[in-house]
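Student: First, the structure itself, so that you have it in front of you.
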Amino acid sequence: MDSVNPNIEGKIAGKHSGYMNYFRNVTGYSGKTEAQYVNFSDNGENFYNGYEKNHYNAAEGCRYETDLQLTGSNQGEMIFRATFSALLGPEPVRLLFDTDADGKPKSYRSATFNGITLNIADLLE
């Protein structure tokens, strides 16, 4: 029986310029994925710089954090943190907004694309 190792680390070159450093480490139902973009572009018109991080544990919850800028023919940025409750358990999965250990809300900030901004706080139940 062949199995595929879900854990990878490497550099992905943009078709036009730059690169992305990618890391994924998974064990069972938990793990983390991280990507760091450095002037990454597949088309020579749009360029990405910044990072994305996803840390998850099915029994404890999931956190996605990003500080990613898009420049070029399209403009935008994603600077936010989204923290979700446990995937397993009696309650449905939901975004968490209470105060985290760093004093900031567990989910906060926004994403903007071509002048339109969406705030994660607008998803508060």
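At position 62 of the sequence shown (counting the first as 1) the number is 137 in my numbering, and the numbers step up by one without a gap.
Positions of the beta carbon are idealized from the N, C-alpha and C atoms, including for glycine.
What is the C-beta distance between S148 and N121, in whole angstroms, given that I count them as a contact (C-beta under 8 Å)?
Tutor: The residue given as residue 148 occupies position 73 in the sequence shown. The residue given as residue 121 occupies position 46 in the sequence shown. Right, their Cβ atoms sit about 6 Å apart.
Student: What separation, rounded to the nearest whole angstrom, lies between the Cα atoms of L198 and R169?
Tutor: On the sequence shown, position 123 is the one that residue 198 refers to. On the sequence shown, position 94 is the one that residue 169 refers to. Those two C-alpha atoms are separated by around 10 Å.
Student: Is L198 helix, strand or coil by DSSP?
Tutor: Residue 198 sits at position 123 when you count from the first residue of the sequence shown. Reduced to three states, the DSSP call for L198 is helix.
Student: Between A133 and the rest of its own chain, which residues show a CB-CB distance below 6 Å, the 5 nearest in sequence each way excluded?
Tutor: Position 58 of the sequence shown, counted from the first residue, corresponds to residue 133. Contacts found: Y104, L162 and L163.
Student: If you measure between the beta carbons of T158 and G136, is that distance less than 8 Å?
Tutor: In the sequence shown, residue 158 corresponds to position 83, counting from 1. In the sequence shown, residue 136 corresponds to position 61, counting from 1. Taking 8 Å as the Cβ cut-off, T158 and G136 qualify as a contacting pair.
Student: Buried or exposed: where does F188 fall if 16 or more other Cβ atoms within 10 Å of its Cβ makes it buried?
Tutor: The count along the sequence shown starts at 1 and reaches residue 188 at position 113. Flag for F188 reads exposed.
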